[in-house]
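Encoded as structure tokens, the structure appears first; notes follow it.
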């Protein structure tokens, strides 16, 4: 078995993620300092005072050298059901401050949270967007999308035409797993605007860094509120470990 098979990833200095995202811990149970420098993980503090320890993932470099930048990672469909439910509850609680009619979930990992957020908010259904095109989908109801964690050629974001009546003219809450650069979310907002929806707010599990803050605006320029279960910075390598970017 190769080294990559054994440790689950191929970037030097980063942990395999097998045992991450399975539980939250109290401050007394936390086995690392909540303050930098960080070594291989970041303790994200939740609204209830507990922590979710996240693995650090190096950002790929063009020449394959050791990364000088990294981000804290959450892969919701590898997390325990209990952790996903806890995060969805925090997201729903924060979203209550905003008035909306419909919950819309973004693929792929946002769909792990959207039905739970909708349920916690008293909704019996939600509207999922997707990357898989069915034969009855229409090109004009699609939008190109890419993200910092998905290298290479982007893909298309679709809405099923049969779902249009559920969001046209409605105020919507957009749910995703994370917002970082804001690129993926902007694609979702463009598609929803084209469908006649009004974005009331965005709810994510993780607000990462600050790059997204200037991008997430409505067509009229107004800022879209973004609520999250926790915040985490982007990181840069220093002599003693990983620190939040200046």
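Numbering (my numbering), first residue to last: 30 to 275.
Quick reminder that beta carbons are idealized off the backbone N, C-alpha and C, glycines included.
{"Item": "How many Å lie between residue 187 and residue 51 at the Cα?", "Value": "31 Å"}
{"Item": "Within the same chain, show all residues whose beta-carbon is closer than 6 Å to that of residue 54, passing over the 5 residues directly before and after it, in chain order.", "Value": "80"}
{"Item": "Compute the distance between the beta-carbons of residue 101 and residue 75, then report whether it is under 9 Å.", "Value": "no"}
{"Item": "Around the C-beta of residue 171, are 16 or more other C-beta atoms found within 10 angstroms, so that it is buried, or is it exposed?", "Value": "buried"}
{"Item": "Is the segment 226-233 in contact with the segment 191-210, if contact means three or more CB pairs nearer than 8 Å?", "Value": "yes"}
{"Item": "Please classify residue 213 as buried or exposed, where buried requires at least 16 neighbouring CB atoms within 10 angstroms.", "Value": "buried"}
{"Item": "May I ask which residues mark the beginning and end of the alpha helix (DSSP H) holding residue 144?", "Value": "139-149"}
{"Item": "Should residue 63 go down as buried or exposed, given a rule of 16 or more other Cβ atoms within 10 Å for buried?", "Value": "exposed"}
{"Item": "At the level of alpha carbons, what is the spacing between residue 35 and residue 45?", "Value": "With a pLDDT of 40 at residue 35, under the threshold of 50, the modelled position of this residue cannot be trusted, and the question is left open."}
{"Item": "Just verifying my parser: in three-state terms, what is the DSSP assignment at residue 165?", "Value": "coil"}
{"Item": "Going straight from the alpha carbon of residue 260 to that of residue 73, what length do you get?", "Value": "7 Å"}
{"Item": "Leaving out the 5 sequence neighbours to the left and right, which residues in its chain are closer than 7 Å to residue 275 when beta-carbon positions are compared?", "Value": "none"}
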